[in-house]
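Report on the structure given below.
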C-alpha cells in the first residue's frame, strides 16, 4: 500500500527519491517543478511522515524534531530549515517539510577510521561551541525525557548533575536489553558477553564532575553530516537530540566518527577550548570524565549492535537479502566487540570491557545458529509487540518482514556468506 507521504510526494514532484534510509520516519526527497508556487521557492524538499509505534533503541528527549529545529534557526549554523508551506499547498496531516540539502554525506567522502579534512573538523568544533551557547532552560520544544515536567525552564537531573545523567542513560540501555532478553540472551551467551558488563557500569563510571547542561545533538556521525556543493557542512537528523552533559555529545561523536588517534586528540583540544569559552565550566574535567562516557558508549554498542543485527537477520528473506543482512550484522557486531575489549582503550576502568572477543567467523556461526533456534521466536515477539500496540523495532527499508530461513552449511555456501569480515 502506498503511504500518504509517497502519494503526496508523487503529486507535487518532478522526481521522487526514496524511501530514504531511516528507522523512525518514512521520508522522501522530492524535486519540485520551478513553474509551481512551491517550486519557485524551493528546488528540493524532504517530506517525512512518522512511522507508527516505533521501538526506540536510543534514549529520546524531544517529542518533535521539527519543533526543535525550528528553534535552532539563526542560532546554530547550517541546520536545515523546517518549511511552512501551508499557504502554497494542501498537505496531508502528519507530513512535514524539511529543507533537503543537496550534497554528499561525510561518510561518502571519508570512511570511519579515516582522516577528516581540517576545514570540516574546524566547523564541527564551532558547531559544538554554538550548541552550548544556547540557554538550554529556554528551549521550548516539547520534551519526553527528564525527571520533572516537560516545560521551559526545567532541566533534567538538576541542570548539572552529570552522574545522574549518565545513570539515566545506563538505565535506558538496561531497559531496552531487558525487553529482548528472552530471545537475545542465548546469542549474548554464545558470544561470551556477560550481563555483568552492563550491570557494573553505574559503580565503575560514577562520580562525574558537574557541568552546566546544554542542548546536545546526540547522534553526530558521518552520515548525519552533509557537504553541499559549496563545501559547507550541514548537520541533519536531530531525532536523538537532548539536554544534558555536553561532554556526552563529544564522547558520542568520537565513538561514532572513529577519528585516527591524532585527530581525536585534536578534536578534544578544540572542543575543550570552544565549549569552555562559550559556557564556563562546561569543559571541566575532560581528561577524567571523557573516558567514562566513552566506556559507556562502547558497552552500549555491544548490546544495541547485537540486538539490531539479530533482529534484522531474523526479518530477512533467504538469498542475497539474508547474505546482506548477515554480512552487515557480523561486521557491526565484530566492530562493537573489538572496541569493547577490556584494557585496550587505556582508560584504566577495570570492570568495563570484554575479556575475550569473538572473531567474525565465530560471530557469523553463532548468529546463524541463533537464527535457526530463536529466529522464529524473535519474529513472534515482534508480532506480539505490534498486536499490543507497543510496535515493532525500526527496520531498514531494504529488509522485508518475513519468516526467517533456517540455513544449513550447504545453503550458507550457496548464498556466499562472507567469511572474511574485517573490522
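Numbering (the working numbering), first residue to last: 117 to 539.
Backbone N, C-alpha and C define an ideal beta-carbon position, used for all residues, glycine too.
Computed from a prediction, not measured in an experiment: that's the story for all the values here.
| Check | Outcome |
| --- | --- |
| Can you tell me the Cα-Cα spacing of residue 264 and residue 408, whole angstroms? | In this prediction, residue 264 scores a pLDDT of 43, lower than 50, which makes its location untrustworthy; the coordinate-derived value is nonetheless stated afterwards. Those two C-alpha atoms are separated by around 26 Å. |
| Helix, strand or coil: how does DSSP classify residue 344 here? | strand |
| Could you give the distance in angstroms between the alpha-carbon of residue 391 and the alpha-carbon of residue 204? | 41 Å |
| Under 8 Å: do the stretch 206-225 and the stretch 355-372 share three or more Cβ pairs, one atom per stretch? | no |
| When the Cα of residue 193 is compared with those of 359, 244, 208, which residue comes out closest? | 244 |
| Sort 330, 477, 472 by Cα distance to residue 454 and report the nearest one. | 472 |
| Got a sec, what are the start and stop residues for the alpha helix (DSSP H) residue 329 sits in? | Run containing residue 329: none; DSSP gives neither H nor E here. |
| Taking a contact to mean a Cβ-Cβ separation below 8 Å, would you say residue 289 touches residue 314 in this structure? | yes |
| Leaving out the 5 sequence neighbours to the left and right, which residues in its chain are closer than 7 Å to residue 186 when beta-carbon positions are compared? | 198 |
| Given this structure, state the Cα-to-Cα distance separating residue 481 from residue 303, to the nearest angstrom. | 11 Å |
| Mind checking whether residue 248 and residue 398 have CB atoms under 8 Å apart? | yes |
| Give the range of the alpha helix (DSSP H) segment to which residue 391 is assigned. | 377-394 |
| Which same chain residues, not among the five before or five after residue 343, have their C-beta less than 7 Å away from its C-beta? | 219, 220, 222, 225, 349 |
| Run through the DSSP bridge pairs and tell me what residue 144 is partnered with. | 163 |
| Quick one, are the C-beta atoms of residue 165 and residue 120 less than 8 Å apart? | yes |
| Quick one, are the C-beta atoms of residue 280 and residue 327 less than 8 Å apart? | no |
| Please say whether residue 411 and residue 362 have beta carbons closer to each other than 8 Å? | no |
| Does DSSP put residue 291 in a helix, a strand or coil? | helix |
| Tell whether a beta-carbon distance below 8 Å holds between residue 456 and residue 470. | yes |
| If you measure between the beta carbons of residue 324 and residue 405, is that distance less than 8 Å? | yes |
| Give the secondary structure of residue 471 by DSSP, where H, G and I count as helix, E and B as strand, and everything else as coil. | coil |
| Count the other C-beta atoms from every protein chain shown that fall within 10 angstroms of the C-beta of residue 385, then say buried if there are 16 or more, exposed otherwise. | exposed |
| At the level of alpha carbons, what is the spacing between residue 147 and residue 301? | 46 Å |
| Roughly how many angstroms separate the alpha carbons of residue 150 and residue 353, rounded to a whole number? | 27 Å |
| Can you look up residue 356 in the DSSP assignment and give me helix, strand or coil? | coil |
| Evaluate residue 388 with the Cβ neighbour count: other Cβ atoms within 10 Å of its Cβ, from every protein chain shown; 16 or more gives buried, anything less gives exposed. | buried |
| Let me check one thing: in DSSP terms, what residues is residue 350 bridge-paired to? | 342 |
| What's the call for residue 403, buried or exposed, on a 16-neighbour Cβ count within 10 Å? | exposed |
| The beta strand (DSSP E) spanning residue 129 covers which residue range? | 129-133 |
| Roughly how many angstroms lie between the CA atoms of residue 208 and residue 238, to the nearest whole one? | 40 Å |
| If we ignore side chains and look at the alpha-carbon of each, how far apart do residue 241 and residue 231 end up? | 16 Å |
| Starting from residue 213, follow its DSSP beta bridges and name the residues at the other end. | 163 |
| What is the DSSP secondary structure of residue 122, reduced to helix, strand or coil? | helix |
| Please tell me whether residue 356 and residue 322 are closer than 8 Å, where the distance is taken between their beta carbons. | no |
| Around the Cβ of residue 298, are there at least 16 other Cβ atoms within 10 angstroms (buried) or fewer (exposed)? | exposed |
| Looking only at its own chain, which residues have a Cβ that is under 6 Å from the Cβ of residue 364, when we skip the five neighbours before and after it? | 409 |
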